[in-house]
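Under the UniProt record's numbering, the sequence shown has 84 at position 84, and the numbering climbs by one with no breaks.
Beta carbons are placed, not taken as given, at the ideal position from N, Cα and C, and that holds for glycine.
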Amino acid sequence: HVLPEYFESIGVPYRIVEQDTYSTVKRVIPEGKTTCGLCSRLRRGVLYRVATEEGATKIALGHHRDDIVETLFLNLFHGGKLKAMPPKLLTDDRRHIVIRPLAYCAEKDLARYARYREFPIIPCNLCGSQENLQRVQLKQMLHDWEKLWPGRTETIFRSLQNVAPSQLADASLFDFVNLENNLEAACSASSDLSYE
């Protein structure tokens, strides 16, 4: 009842969708394993379906800068990918654009603003409740880094906006196989010249 009351008080139309994704997650994921991956995919599927039903082409998500940096490290450490979450994304089926309006905001700034505006807080008893979650550990790692080196999280986030594909090792981004040393080619061409 917290959200309906809040939306009504500020005159915002809303639709609350209830769907039991939890029982699917519990049925599919073995006991003791992390449920986050499947849960997020199921919720994303519900969002895409409801957006289509509503005729919406944009879906706004609440991920902030710290979520994006944590996701970068999750993918680096556990997925072997240099991948995060972009502020704007065209879905694979090309039917929706996902936007993350809070992508450039630090979590602590959003928390402070929410307290200032007295936004209603809706606790989620499932997310983050499992033991030894990798995201929780990464959040702590970033927090520790930030204490030792203030501004580190912002610097990491800025690196996502300043990618140099030729300095990475992804052959789909840069053609390493056909890369030639033009200096070598120029030297061999000049060695064919004769001087009299």
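Would residue i be called buried (16 or more neighbouring beta carbons within 10 Å of its own) or exposed?
| i | result |
| --- | --- |
| V163 | exposed |
| T35 | buried |
| L74 | buried |
| T153 | buried |
| D20 | exposed |
| L179 | exposed |
Would you say residue i and residue j are within 8 Å of each other, going by their C-beta atoms?
| i | j | result |
| --- | --- | --- |
| A111 | H63 | no |
| D66 | A106 | yes |
| Y14 | P120 | no |
| T71 | I97 | no |
Please report how far the alpha carbon of residue i lies from the alpha carbon of residue j, in whole angstroms.
| i | j | result |
| --- | --- | --- |
| A84 | V69 | 7 Å |
| Y116 | R94 | 38 Å |
| R100 | I59 | 9 Å |
| V46 | L82 | 27 Å |
| Y22 | C39 | 7 Å |
| L61 | Y48 | 12 Å |
| residue 225 | E118 | Since the first and last residues shown for the chain are 1 and 196, residue 225 lies out of range. |
| A51 | D170 | 34 Å |
For chain C, is any of its Cβ atoms less than 8 Å away from the one on residue i?
| i | result |
| --- | --- |
| N162 | This model lacks chain C altogether; it includes just one protein chain. |
For the beta strand (DSSP E) that contains residue i, what are its first and last residues?
| i | result |
| --- | --- |
| K58 | 58–60 |
Between which two residues does the alpha helix (DSSP H) harbouring residue i extend?
| i | result |
| --- | --- |
| S50 | According to the sequence shown, residue 50 is Val rather than Ser. First-last of the alpha helix (DSSP H) with V50: 36–54. |
3-residue-minimum beta strand (DSSP E) runs that sit fully inside the stretch 67–103, ordered along the chain: If we require 3 residues or more, the beta strand (DSSP E) runs fully inside the stretch 67–103 come out as 88–90, 97–99.
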